[in-house]
Amino acid sequence: MNPQPKDYSSISPSAKSLLLLKGHTNIPYAREMAALMQGAEVFDLDFEAKDFWFWMRVVHFELRYWSIDQLLQQAGHPNILELSSGYSFRGLALCAQEAGAHYIDTDLPEVVATKRDLLARLHLGKDLKSTFELLPLNALDEAEFNGVVQRFGPGPLSIVNEGLLMYLGPEEKARLCRTIHAVLTQRGGCWITADVYVKRPADVRVEIPQRDGERRFFEQHHIEENKFDSYEAARAFFAEQGFEVVAEAVPDYQALSVLPQLRAVLPEEARNRQGQPPKIQATWMLRAV
């Protein structure tokens, strides 16, 4: 008997929590979209307590967002496919600014339906300089994935994702890798993933405050277990799947829109610390070999 297919729709509510955090930044359209978002917020975050840990979360997600743009610009491919984009509108912003691109933004059907409604309510998506499509896609459905890829014209393809791999177990990650590897082998291009997260030691996890809703969500989806043991282990995993790391995004803390808010709440010991904060995530550009 075949096992019941996994219901990935339970992941979707986290996209709302992320949008509400990004709404405090200058990420394109995030503030406007967050203002329209209604209903319960799954992580149960306290958006009134603008303390150190709140702004650290916002800083992390703002850095992660721009890290993909950095590598996309470096890749320079006009064909771009974003997987599990949540309530990010990276593709819309790119197509509003640049000519000659074809950007396909994808996520599960319920997220896509909500995004289409938000776009309509804000009257966005008109007078674009490039082709922008918003389509439903389960990234683990190979046939569906290939059907979306076929919508692109000839030429290499940049595949991007932000906030997907930590929801996938080892076999699911490997399955996604096989699909992406086959596409890039045929077309050329690269895979840019911001999901190179490493497991945090237990004592570090205890120090970071976590609301009950967020803790339950992380436990339900095995977030910590799905992270890589180390960056070396991540590199070895991708190598086993036929990828090599060709570039890594360099975080630019000084360019962050929320840096003033973070500085205002920095504890004294953090103010006097030299060097960059501890690295908990990396954004890599991968190439099929």
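The working numbering applies: residue 702 is where the sequence shown begins, and numbers increase by one. All C-beta atoms in this analysis are idealised placements derived from N, C-alpha and C, irrespective of residue type, glycine included.
First and last residue of the uninterrupted alpha helix (DSSP H) at residue i
| i | result |
| --- | --- |
| G848 | E843 to V850 |
| E872 | P871 to R888 |
| V959 | Note, V959: premise wrong, no alpha helix (DSSP H); not H, not E. |
| A776 | F753 to A776 |
Supposed contact pair residue j and residue i - C-beta distance, whole angstroms, cut 8 angstroms
| i | j | result |
| --- | --- | --- |
| L829 | A797 | 6 angstroms |
| V899 | S931 | 6 angstroms |
| I860 | I769 | So it is not a contact: roughly 11 angstroms between Cβ atoms. |
| L866 | L841 | Actually they do not touch by this definition, with Cβ atoms about 11 angstroms apart. |
Burial state of residue i, where buried means 16 or more other Cβ atoms lie within 10 Å
| i | result |
| --- | --- |
| H778 | buried |
| Y954 | exposed |
| D752 | exposed |
| N927 | buried |
| D808 | buried |
| H803 | buried |
| I981 | exposed |
| L782 | buried |
| V850 | buried |
| H920 | This sequence places Glu at residue 920; His is not what is there. The residue in question, E920, is exposed, as its Cβ has fewer than 16 Cβ neighbours within 10 Å. |
| E945 | exposed |
| V884 | buried |
| K827 | exposed |
Reduced DSSP secondary structure (H/G/I, E/B, other) of residue i
| i | result |
| --- | --- |
| M738 | coil |
| R988 | strand |
| Y709 | Bear in mind that the predicted position of Y709 carries a pLDDT of just 49, short of 50, making it too unreliable to give a figure here. |
| A840 | coil |
| Y788 | coil |
| E926 | helix |
| E799 | coil |
| T815 | helix |
| Q942 | coil |
| A1009 | In this structure the chain extends from 702 to 990, so residue 1009 is not present and cannot be described. |
| M702 | Annotation note: pLDDT 43 at M702 (below 50); position unreliable, coordinate value reported separately. Three-state DSSP puts M702 in coil, outside helix and strand. |
| F833 | strand |
Chain B within 8 angstroms of residue i, Cβ atoms only
| i | result |
| --- | --- |
| G870 | No chain B is part of this structure, which consists of one protein chain only. |
N- and C-terminal bounds of the beta strand (DSSP E) containing residue i
| i | result |
| --- | --- |
| V861 | L858 to N862 |
message = I'd like to know if the stretch 714–732 and the stretch 944–962 are in contact, where contact means that at least 3 CB-CB pairs between them fall below 8 angstroms.
response = yes
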